[in-house]
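Residue numbers (this note's numbering): 33 to 209.
Right under this line is the structure:
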């Protein structure tokens with residue numbers, strides 16, 4: 033059966049999900065989380081795209097991104113292939129690290145753009161890893177609060193919905209806990 037071609041155009045925004053094969057853990061320690069983030073940075077240098085938010089969970093990944101001139105499949109193939117190669121080498125395993133193709137939902141309006149961002153940042157709370165999203169180390173939430181800096185995440189695009197006010201953004205997130 034032929035796969036349906038993913039919608040893509042320059043500037044397209046997506047909510048990307050990648051899950052560990054058989055729902056297995058894909059980040060076994062902090063080194064694995066850091067390697068995945070470094071791979072995103074390296075691929076971003078090769079195939080420019082914009083990360084609006086992210087959350088790396090123990091067995092899956094959420095990315096909120098905007099493409100530029102490179103199709104989404106090429107970006108995600110490069111990221112996941114590199115991480116799978118690293119993971120299999122480090123843990124002396126073979127086979128699939130990720131379960132099938134990555135998931136992608138195109139974001140076609142401002143409302144959904146905000147909802148995806150909030151969903152991603154609240155994922156560690158939803159999965160009961162933390163009570164407050166700022167306590168989860170492997171997401172971009174603390175960047176949005178101004179507590180961390182990042183060359184990778186371009187939070188201004190979302191913060192513009194809140195007139196650049198980080199406190200208003202935080203209120204938007206926290207009202208759903």
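Ideal Cβ positions, reconstructed from N, Cα and C, are used throughout, including at glycine.
Residue i, DSSP secondary structure in three states
i           : result
residue 94  : strand
residue 186 : coil
residue 147 : helix
residue 157 : helix
residue 45  : strand
residue 130 : strand
residue 68  : helix
residue 172 : coil
residue 51  : strand
residue 88  : strand
residue 181 : coil
residue 194 : helix
Close Cβ partners of residue i (< 8 Å) along its chain, the five nearest in sequence each way excluded
i           : result
residue 197 : 191
residue 194 : 200, 201, 204
residue 31  : Outside the shown range of the chain, which is 33 to 209, sits residue 31, and nothing can be said about it.
residue 142 : 193
Same chain only: Cβ atoms within 6 Å of residue i, ignoring 5 sequence neighbours per side
i          : result
residue 85 : 96, 149, 152, 172
Alpha-carbon spacing of residue i relative to residue j, whole angstroms
i           : j           : result
residue 133 : residue 117 : 16 Å
residue 77  : residue 209 : 36 Å
residue 69  : residue 181 : 14 Å
residue 120 : residue 53  : 13 Å
residue 163 : residue 80  : 34 Å
residue 175 : residue 157 : 17 Å
residue 130 : residue 170 : 18 Å
Cβ-based neighbour list, residue i, same chain, cut-off 7 Å, excluding 5 preceding and 5 following
i          : result
residue 61 : none
residue 38 : 104, 105, 136
residue 40 : 99, 103, 104
Beta-carbon gap between residue i and residue j smaller than 9 Å
i           : j           : result
residue 51  : residue 135 : yes
residue 139 : residue 45  : yes
residue 83  : residue 184 : yes
residue 72  : residue 111 : yes
residue 161 : residue 89  : yes
residue 42  : residue 99  : yes
residue 144 : residue 87  : no
residue 75  : residue 114 : yes
Interface flag, residue i vs chain B, CB-CB below 9 Å
i           : result
residue 175 : Judged by its chain identifiers, the structure shown contains no chain B, having just a single protein chain.
Worksheet entry | Three-pair Cβ contact test at 8 Å for the stretch 103-121 versus the stretch 179-193 | no
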